Amino acid sequence: MNKQLVEIVVNNDINLTAQFEDNVTTKELISRMPFTIKMDNLYSREMCHRYGRGSLPIDNAKNRNYKVGDISYWPPMGSLVILYEQNGEVFEQQPIGHIDSDVSFFSKLGSVDVTFKLKN
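Residue numbers (the UniProt record's numbering): 1 to 120.
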């Protein structure tokens, strides 16, 4: 599988496109698409949905930094996150993908419904 384009729709209103990596975590997420999850605004830097520890398979989780627009899986809490603000933190994560467009609007939101689906 090469990088897969995924459409992300926030509150049935804002459309984003992400490029997903090729790994076991993304394959599992793609197999569930389309799906909608509630994501909460946490730490003034990320939108987060907690599936729970061990909910998704991992094959390349390690401590690393991130870029604004990255989508990652944080194994300790089983959290799927969209990172919209940089604070320089390095944390254990499995890369999922990246959104190239501006994601700073997340800073103004609380909890949102986010739909993930394959882009045609």
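Positions of the beta carbon are idealized from the N, C-alpha and C atoms, including for glycine.
Values in this document were obtained by computation on a predicted structure and should not be read as measured data.
Inter-residue spacing [alpha-carbon to alpha-carbon] between residue i and residue j
i, j, result
"Y73", "P34", "18 Å"
"L83", "S111", "15 Å"
"K119", "E92", "28 Å"
"D22", "D13", "28 Å"
"I37", "G54", "17 Å"
"M77", "Y51", "7 Å"
Distance between beta carbons of residue j and residue i, contact taken as under 8 Å
i, j, result
"P57", "V24", "4 Å"
"R45", "N11", "Contact doesn't hold; Cβ gap of about 20 Å is too wide."
Three-state class that DSSP yields for residue i in the structure shown
i, result
"R32", "helix"
"V103", "coil"
"K3", "coil"
"V9", "strand"
"K62", "strand"
Proximity below 8 Å, CB of residue i to CB of residue j
i, j, result
"I30", "V114", "no"
"S107", "E89", "no"
"H49", "S79", "yes"
"P95", "N60", "yes"
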